[in-house]
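Line order of the protein sequences matches chains A and B. Numbering of the first sequence is given in my numbering, commencing with residue 9 and proceeding in unit increments. Numbering of the second sequence is given in my numbering, commencing with residue 10 and proceeding in unit increments. Everything below concerns the one structure shown next.
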Amino acid sequence: MQALTSRAKAVDRRPMTFVEKLYMWNILKGMMITLRHLFKKKATISYPEQKRPFSPVFRGLHILNRDEEGRERCTACGLCALACPAEAITMEAAERLPGEEHLYREEKYAAKYEINMLRCIFCGLCEEACPKDAVYLSETFAPSNYQRKGFIYGKQDLLIPNPKENPGEYWKAVGNRKANKEQSN
Amino acid sequence: MHSALLAIDLFLVIEKLVLIVGIVSISLVIAMYETYAERKVAAFIQDRRGPNRAGPFGILQPLADGLKLFMKEEIIPNTSNRFLFILGPCLAMLAAMMTSAVIPWGGTLNVFGREVNLQIADINIGILYVFGVVSMGVYGIMIGGWASNNKFSLMAALRGASQVISYELPMGLSLIALLMLTGSLKMSEIVGQQLDSWYNVLYQPLGFFIFLVCAFAECNRTPFDLPEAENELNFGYHQEYSSMKLGFYLFAEYINMFISSVVMVTLFWGGYDIPFINDTSLSGMGNWLVLLQGLSLFIKVAIFIFVFMWVRWTIPRFRYDQLMNLGWKGLIPLSLVNMVVTAAIVLLKANGWKF
Chain A
9 MQALTSRAKA VDRRPMTFVE KLYMWNILKG MMITLRHLFK KKATISYPEQ
59 KRPFSPVFRG LHILNRDEEG RERCTACGLC ALACPAEAIT MEAAERLPGE
109 EHLYREEKYA AKYEINMLRC IFCGLCEEAC PKDAVYLSET FAPSNYQRKG
159 FIYGKQDLLI PNPKENPGEY WKAVGNRKAN KEQSN
Chain B
10 MHSALLAIDL FLVIEKLVLI VGIVSISLVI AMYETYAERK VAAFIQDRRG
60 PNRAGPFGIL QPLADGLKLF MKEEIIPNTS NRFLFILGPC LAMLAAMMTS
110 AVIPWGGTLN VFGREVNLQI ADINIGILYV FGVVSMGVYG IMIGGWASNN
160 KFSLMAALRG ASQVISYELP MGLSLIALLM LTGSLKMSEI VGQQLDSWYN
210 VLYQPLGFFI FLVCAFAECN RTPFDLPEAE NELNFGYHQE YSSMKLGFYL
260 FAEYINMFIS SVVMVTLFWG GYDIPFINDT SLSGMGNWLV LLQGLSLFIK
310 VAIFIFVFMW VRWTIPRFRY DQLMNLGWKG LIPLSLVNMV VTAAIVLLKA
360 NGWKF
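Structure follows, in structure tokens:
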């Protein structure tokens, strides 16, 4: 029969010699291989202490942004929900009352803003759709949870800390991705 | 005469009790840390890190494992023989622990003017006693497998019994060659002869090698772990066991490994002799020398335990017929040849090298 490729090799079917039957040489070779592996560098990253750096284009959990004075930027226009291909975003709008100007930047704001992290595909279209720079994706991913409803993130989970009251936390939450993006703009 | 027999040396009793408690607890702790070492060695050979969460470098891992085994639900199958089911792990553990009685762990310690021999029982048939107790260990496997009333367990028990019996033959034969050289069955004397001359492994390299392979088989360790072949017998003879009864089986395996390493070191590698150093020249050190010798014994044992693990994570399991072929057609003829050649040389030497 003609071989299908030029690389084909005939199987050696000679009966084993006495020395081969003792398996000693091959066992020794195998032991040397495992001994070498003992001293090899491990590929493992010890996760909680040591984290693998994210790619600069990594898209993780959403953040609802505030402006420099700590006011929510979102005006509940619904463009993000419209852009969302997975239909993960729902929101309810409310009108800003007099005396709430320090809380909300525009006259309309989102009273309820929910993202279902199980539905979300982290495509980042909401970020692109937002005209007010109010929603963007950070570098963290959704942590595990015991219940499905735990993955529906409300406003209290998404909102960034107030830059005026809590600047340290604010800059931590801004993250590298946003900072890099603003630098390139 | 009666009064002489009844006059029990109270200090001797206390001394032996302390020794027994000490050696049993040392072997238990070593067995515990063998499980840890096994996981670490396996991990490193497979380019992983191994347990490193419980305590620094994971050194508390064996405690966590033990606690887990204790907390598990104890299940005794309905159709099993209850008495034998409990007897199985007890026997395995008992046989594993009993061997350590005749091992010379070091020289003679001087405690408050009293000579304390670091050997629980210096009996004149020491090595025969080891063989007797080790072959009792197979009852643990057999009774456990039988009492589980489960086809897989029974099959594993049968395999274990036939394997241990087959490999005891070449083990004994390789030992006969050694005993012809030493002329004594007493463990302390075998070590004593090696203290001021070459180690026995230089006279009996083939015998040592056969003994090593048989020790792997006796301990049911991987190339020969047919009784507990996970993928063929789903865990073999301890399939029905849970909680600490399973723990005892696993523990007994590790103690067996420790004890067989100790026996190999004692018989072939000079026991507690410190290598490359003439121990008698250091006798001025007194008790410190004895402790150093004990330490050297444990270092040698640790090397052997590492070899056990290294082999386990390198070599795949033998098939049953290959196992029997190796035992009966490979090792027994080899050890017979070794025995005959050694006997001839011993005889020639006794005759002054005259034919």
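Glycine residues also receive a C-beta, built at the ideal position from the N, C-alpha and C atoms.
Cβ-based burial, H110(A) [other Cβ within 10 Å; buried from 16]: Reading the first sequence from its first residue, position 102 is the one you call residue 110(A). So H110(A) counts as exposed.
Closer than 9 Å to chain A by CB, G339(B): Counting from 1 along the second sequence, the entry for residue 339(B) is found at position 330. Residue contact with chain A for G339(B): present (Cβ-Cβ distance below 9 Å to some residue of chain A).
Between the CA atoms of S146(A) and L133(A) - distance to the nearest angstrom: In the first sequence, residue 133(A) corresponds to position 125, counting from 1. In the first sequence, residue 146(A) corresponds to position 138, counting from 1. For L133(A) and S146(A), the gap between their C-alpha atoms comes out near 14 Å.
Listed by chain order, chain B residues near T52(A) by CB distance under 7 Å: As a first step, residue 52(A) must be located in the first sequence, where it is residue number 44. Residues of chain B whose Cβ lies closer than 7 Å to the Cβ of T52(A) are, in chain order, R57 and R58.
T44(B) versus L259(B), A104(B) and K160(B), residue with shortest Cα-Cα distance: On the second sequence, position 35 is the one that residue 44(B) refers to. Ranking L259(B), A104(B) and K160(B) by Cα distance to T44(B) puts L259(B) first.
Neighbourhood of G216(B) by C-beta distance below 6 Å, restricted to the same chain and skipping five residues each side: Along the second sequence, one-based indexing puts residue 216(B) at 207. When the five nearest sequence neighbours on each side are left out, the beta carbons in the same chain lying within less than 6 Å of the beta carbon of G216(B) are those of S183, A186, L187 and N347, in order along the chain.
DSSP three-state assignment for N209(B), whether helix, strand or coil: Taking the second sequence and counting its residues from 1, one reaches residue 209(B) at position 200. N209(B) carries a helical assignment under DSSP once its states are collapsed to helix, strand and coil.
Short CB-CB distance (under 9 Å) between H45(A) and chain B: Counting from 1 along the first sequence, the entry for residue 45(A) is found at position 37. By this cut-off, H45(A) is an interface position.
Proximal chain B residues relative to I35(A), where beta-carbon distance stays under 9 Å: One-based indexing of the first sequence puts residue 35(A) at position 27. Listed along chain B, the residues sitting closer than 9 Å to I35(A) by beta-carbon distance are P232, V320, T323 and I324.
Min CB distance F53(B) to chain A below 9 Å: Indexing the second sequence from 1 puts residue 53(B) at position 44. The beta carbon of F53(B) sits closer than 9 Å to some beta carbon of chain A.
N360(B) to I132(B) span [Cα, whole Å]: In the second sequence, the residue the question calls residue 360(B) occupies position 351. In the second sequence, the residue the question calls residue 132(B) occupies position 123. A direct Cα-to-Cα measurement between N360(B) and I132(B) gives close to 31 Å.
Opening and closing residue of the beta strand (DSSP E) in which N124(A) lies: Residue numbering aside, residue 124(A) sits at position 116 when the first sequence is read from its first letter. Under the DSSP assignment, N124(A) falls in the beta strand (DSSP E) whose first and last residues are K116 to N124.
Reference G146(B), options I136(B), Y281(B) and P98(B), closest by Cα: Locating residue 146(B) in the second sequence gives position 137, where the first residue counts as 1. Closest option to G146(B), Cα to Cα, is P98(B).
Cross-strand partners of L167(A) (DSSP beta bridge): Walking along the first sequence from the start, residue 167(A) turns up at place 159. Within the DSSP secondary-structure output, L167(A) pairs in a beta bridge with L72(A).
Proximity of I29(B) and A110(B) at Cβ, strictly below 9 Å: Position 20 of the second sequence, counted from the first residue, corresponds to residue 29(B). Position 101 of the second sequence, counted from the first residue, corresponds to residue 110(B). Cβ distance < 9 Å, so I29(B) and A110(B) count as in contact.
Neighbourhood of C131(A) by C-beta, 7 Å cutoff - its chain only, sequence neighbours within 5 removed: Taking the first residue of the first sequence as 1, we reach residue 131(A) at position 123. Within the same chain, and ignoring the five residues on either side of C131(A) in sequence, the residues whose Cβ sits closer than 7 Å to its Cβ are P93.
Minimum Cβ-Cβ distance from N347(B) to chain A less than 9 Å: As a working mapping, residue 347(B) is identified with position 338 in the second sequence. False, the Cβ-Cβ gap to chain A never drops below 9 Å.
Short CB-CB distance (under 9 Å) between V50(B) and chain A: By 1-based counting over the second sequence, the position of residue 50(B) is 41. The beta carbon of V50(B) falls within 9 Å of a beta carbon belonging to chain A, placing the residue at that interface.
Interface flag, T25(A) vs chain B, CB-CB below 9 Å: Position 17 of the first sequence, counting from 1, holds the residue named residue 25(A). Chain B contact via Cβ: absent.
Helix, strand or coil at V316(B) according to DSSP, with G and I counted as helix: Translated into the one-based positions of the second sequence, residue 316(B) becomes position 307. Secondary structure of V316(B) (DSSP, three-state): helix.
Chain B residues whose Cβ lies nearer than 8 Å to that of K48(A): In the first sequence, the residue the question calls residue 48(A) occupies position 40. Residues of chain B with a Cβ closer than 8 Å to the Cβ of K48(A) are, in chain order, D56.
CA nearest to the CA of N61(B), picked from D141(A), M40(A), T52(A) and F62(A): Position 52 of the second sequence holds residue 61(B). With distances taken between Cα atoms, N61(B) lies closest to T52(A).
Contact with chain A by N119(B), beta-carbon distance below 9 Å: In the second sequence, counting from the first residue as 1, residue 119(B) sits at position 110. Taking 9 Å as the threshold, the shortest C-beta distance from N119(B) to chain A does not fall below it.
Sub-9 Å separation of G280(B) and L298(B) beta-carbons: Start at 1 with the first residue of the second sequence, and residue 280(B) comes out as number 271. Start at 1 with the first residue of the second sequence, and residue 298(B) comes out as number 289. Taking 9 Å as the Cβ cut-off, G280(B) and L298(B) do not qualify as a contacting pair.
Contact under 9 Å by Cβ, N158(B) with E262(B): For the purposes of this step, residue 158(B) is identified with residue 149 of the second sequence, where counting begins at 1. For the purposes of this step, residue 262(B) is identified with residue 253 of the second sequence, where counting begins at 1. By the CB criterion at 9 Å, N158(B) and E262(B) fall outside the cutoff.
Bounding residues of the alpha helix (DSSP H) (the contiguous stretch that carries L259(B)): Taking the second sequence and counting its residues from 1, the one referred to as residue 259(B) is at position 250. S252 to F277 is the extent of the alpha helix (DSSP H) around L259(B).
Selection of the region 76-108 of chain A by Cβ proximity to chain B, strictly under 9 Å: Listed in sequence order: no entries.
With 16 other Cβ atoms within 10 Å as the buried cut-off, status of I264(B): Within the second sequence, the letter at position 255 stands for residue 264(B). I264(B) should be labelled buried.
Where E177(A) sits in the DSSP three-state scheme: The residue labelled residue 177(A) in the question sits at position 169 within the first sequence. For E177(A), the three-state secondary structure derived from DSSP is helix.
Unbroken beta strand (DSSP E) run spanning V111(B), endpoints: Sequence index remark: in the second sequence, residue 111(B) carries index 102 (1-based). Counting along the chain, V111(B) falls outside any beta strand (DSSP E), and DSSP gives it neither H nor E.
Nearest-angstrom beta carbon gap, A119(A) and A96(A) [assumed within contact, 8 Å]: To locate residue 96(A), count along the first sequence from 1; it is residue 88. To locate residue 119(A), count along the first sequence from 1; it is residue 111. Actually they do not touch by this definition, with Cβ atoms about 18 Å apart.
For A359(B): DSSP bridge partner residues: Translated into the one-based positions of the second sequence, residue 359(B) becomes position 350. DSSP output for A359(B) lists no bridge partner at all.
Range of the contiguous beta strand (DSSP E) that encloses N126(B): As a working mapping, residue 126(B) is identified with position 117 in the second sequence. Residues R123 to N126.
Cα-Cα separation between M106(B) and I354(B), rounded to whole angstroms: Within the second sequence, the letter at position 97 stands for residue 106(B). Within the second sequence, the letter at position 345 stands for residue 354(B). Spanning the two alpha carbons is a distance of roughly 37 Å.
Spatial distance of L36(A) from I152(B) (CA atoms): Walking along the first sequence from the start, residue 36(A) turns up at place 28. Walking along the second sequence from the start, residue 152(B) turns up at place 143. C-alpha separation (whole angstroms): 36 Å.
G141(B) beta carbon near the ligand COA (any heavy atom closer than 8 Å): This structure lacks the ligand COA; in fact it carries no ligand of any kind.
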